[in-house]
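Note that the sequence shown covers residues 1 to 123 in this note's numbering.
These notes concern the structure reproduced below.
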Amino acid sequence: MSSIAQRLGREVIDTVSRQFYAQIRVHPRLAPIFAVVHDWPQHEAHIGHFWWTLLGGDAYLDTQYNVARKHLDIGATPALVDEWLALFEPIVRRHVASPDADEWLRKARMIGQSIALMNTPLD
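Written out as C-alpha coordinates, the structure reads:
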(Lines of atoms letter the chains of each structure in order from A and count residues from 1; the text may use other names and numbers.)
(Lines give C-alpha, C1' and ligand atoms only; values in the text may rest on other atoms or scores of the structure.)
Protein backbone atom coordinates (compact mmCIF):
# COMPACT_ATOMS: atom_id res chain seq x y z
CA MET A 1 0.00 0.00 0.00
CA SER A 2 1.33 3.45 -0.85
CA SER A 3 1.76 6.20 1.72
CA ILE A 4 -0.15 9.47 1.68
CA ALA A 5 3.07 11.17 0.62
CA GLN A 6 3.45 8.85 -2.35
CA ARG A 7 -0.17 9.34 -3.40
CA LEU A 8 0.09 13.14 -3.18
CA GLY A 9 3.62 13.70 -4.42
CA ARG A 10 6.12 16.25 -3.21
CA GLU A 11 4.71 19.06 -5.36
CA VAL A 12 1.30 18.96 -3.64
CA ILE A 13 2.86 18.87 -0.18
CA ASP A 14 5.22 21.73 -1.07
CA THR A 15 2.33 23.74 -2.54
CA VAL A 16 0.32 23.34 0.67
CA SER A 17 3.35 24.47 2.70
CA ARG A 18 3.99 27.53 0.52
CA GLN A 19 0.35 28.64 0.48
CA PHE A 20 0.01 28.13 4.22
CA TYR A 21 3.08 30.19 5.06
CA ALA A 22 2.02 32.93 2.64
CA GLN A 23 -1.09 33.31 4.81
CA ILE A 24 0.88 33.03 8.06
CA ARG A 25 3.13 35.94 7.04
CA VAL A 26 0.16 38.33 6.83
CA HIS A 27 -1.90 36.98 9.71
CA PRO A 28 -2.24 39.61 12.46
CA ARG A 29 -1.66 37.22 15.37
CA LEU A 30 0.42 34.41 13.85
CA ALA A 31 2.91 36.49 11.85
CA PRO A 32 4.71 37.75 14.99
CA ILE A 33 5.40 34.17 16.12
CA PHE A 34 7.04 33.44 12.77
CA ALA A 35 9.00 36.71 12.65
CA VAL A 36 12.11 34.71 13.58
CA VAL A 37 12.08 33.13 10.10
CA HIS A 38 14.39 35.07 7.81
CA ASP A 39 14.70 32.67 4.87
CA TRP A 40 11.16 31.76 3.91
CA PRO A 41 12.00 29.58 0.89
CA GLN A 42 14.35 27.51 3.06
CA HIS A 43 11.77 27.28 5.86
CA GLU A 44 9.03 26.21 3.44
CA ALA A 45 11.33 23.57 1.92
CA HIS A 46 12.19 22.31 5.40
CA ILE A 47 8.52 22.10 6.41
CA GLY A 48 7.60 20.49 3.09
CA HIS A 49 10.16 17.79 3.84
CA PHE A 50 8.82 17.46 7.40
CA TRP A 51 5.29 16.83 6.11
CA TRP A 52 6.59 14.54 3.34
CA THR A 53 8.31 12.27 5.88
CA LEU A 54 5.47 12.48 8.43
CA LEU A 55 3.04 11.40 5.71
CA GLY A 56 5.18 8.36 4.94
CA GLY A 57 7.63 9.56 2.29
CA ASP A 58 11.31 8.66 2.30
CA ALA A 59 13.61 11.38 3.57
CA TYR A 60 15.42 13.30 0.84
CA LEU A 61 17.11 15.85 3.13
CA ASP A 62 19.63 15.05 5.82
CA THR A 63 17.80 16.66 8.72
CA GLN A 64 16.27 15.75 12.04
CA TYR A 65 13.08 17.30 13.39
CA ASN A 66 12.58 18.22 17.02
CA VAL A 67 9.12 19.75 17.02
CA ALA A 68 9.07 20.12 20.80
CA ARG A 69 12.35 22.05 20.99
CA LYS A 70 11.50 24.33 18.05
CA HIS A 71 8.12 25.29 19.46
CA LEU A 72 8.88 25.54 23.16
CA ASP A 73 8.08 28.94 24.66
CA ILE A 74 6.97 30.57 21.41
CA GLY A 75 3.71 31.74 22.90
CA ALA A 76 1.49 29.42 20.88
CA THR A 77 -1.61 29.46 23.04
CA PRO A 78 -4.47 27.05 22.36
CA ALA A 79 -6.33 29.94 20.67
CA LEU A 80 -3.38 30.63 18.35
CA VAL A 81 -3.06 26.94 17.54
CA ASP A 82 -6.76 26.96 16.64
CA GLU A 83 -6.11 29.88 14.28
CA TRP A 84 -3.12 28.03 12.80
CA LEU A 85 -5.33 25.00 12.14
CA ALA A 86 -8.12 27.21 10.76
CA LEU A 87 -5.67 28.53 8.15
CA PHE A 88 -4.17 25.12 7.41
CA GLU A 89 -7.33 23.05 6.96
CA PRO A 90 -8.86 24.80 3.93
CA ILE A 91 -5.51 24.79 2.14
CA VAL A 92 -5.10 21.06 2.69
CA ARG A 93 -8.69 20.40 1.60
CA ARG A 94 -8.22 22.54 -1.53
CA HIS A 95 -5.35 20.33 -2.69
CA VAL A 96 -6.01 16.94 -1.11
CA ALA A 97 -9.08 14.71 -1.27
CA SER A 98 -10.44 12.72 1.66
CA PRO A 99 -9.47 10.40 3.28
CA ASP A 100 -5.88 11.60 2.78
CA ALA A 101 -6.82 15.16 3.78
CA ASP A 102 -8.53 13.86 6.91
CA GLU A 103 -5.45 11.90 7.96
CA TRP A 104 -3.09 14.83 7.25
CA LEU A 105 -5.31 17.13 9.31
CA ARG A 106 -5.51 14.57 12.12
CA LYS A 107 -1.72 14.63 12.32
CA ALA A 108 -1.70 18.44 12.21
CA ARG A 109 -4.22 18.61 15.06
CA MET A 110 -2.11 16.25 17.17
CA ILE A 111 0.96 18.39 16.58
CA GLY A 112 -1.04 21.53 17.34
CA GLN A 113 -2.32 20.09 20.61
CA SER A 114 1.22 19.18 21.64
CA ILE A 115 2.52 22.66 20.81
CA ALA A 116 -0.32 24.30 22.74
CA LEU A 117 0.34 22.08 25.78
CA MET A 118 4.07 22.85 25.70
CA ASN A 119 3.30 26.55 25.75
CA THR A 120 0.65 26.44 28.49
CA PRO A 121 2.04 27.58 31.85
CA LEU A 122 1.66 25.17 34.72
CA ASP A 123 -0.10 26.92 37.56
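Yeah, the Cβ is synthetic: ideal placement off N, Cα and C, and Gly gets one too.
Taking 8 Å as the cut-off, the beta carbon of S2 is found no closer than this to the beta carbon of G57. With respect to the 8 Å criterion, A76 and N119 are classified as neighbours on the basis of their beta carbons. Counting C-beta pairs with one atom in each stretch, the segment 38 to 45 and the segment 11 to 22 have three or more that are closer than 8 Å, which means they touch. Burial is judged here by how many other beta carbons sit within 10 angstroms of a residue's own beta carbon; Y21 has at least 16 and is buried. For the pair L8 and V92, the CB atoms are not nearer than the 8 Å cut-off.
In this chain, F34 is not harboured by any alpha helix (DSSP H), its DSSP state being neither H nor E. Judged by beta-carbon spacing, W52 lies within the 8 Å limit of A5, meaning their Cβ atoms are closer than that value. The residue among D39, L55, I24 and H38 with its C-alpha nearest the C-alpha of V12 is L55. Residue environment analysis places V81 among the buried positions, since at least 16 neighbouring C-beta atoms fall within 10 angstroms of its C-beta. The residues L80 and E83, in chain order, have a CB closer than 7 Å to that of R29 in the same chain once the five nearest residues on each side in sequence are set aside.
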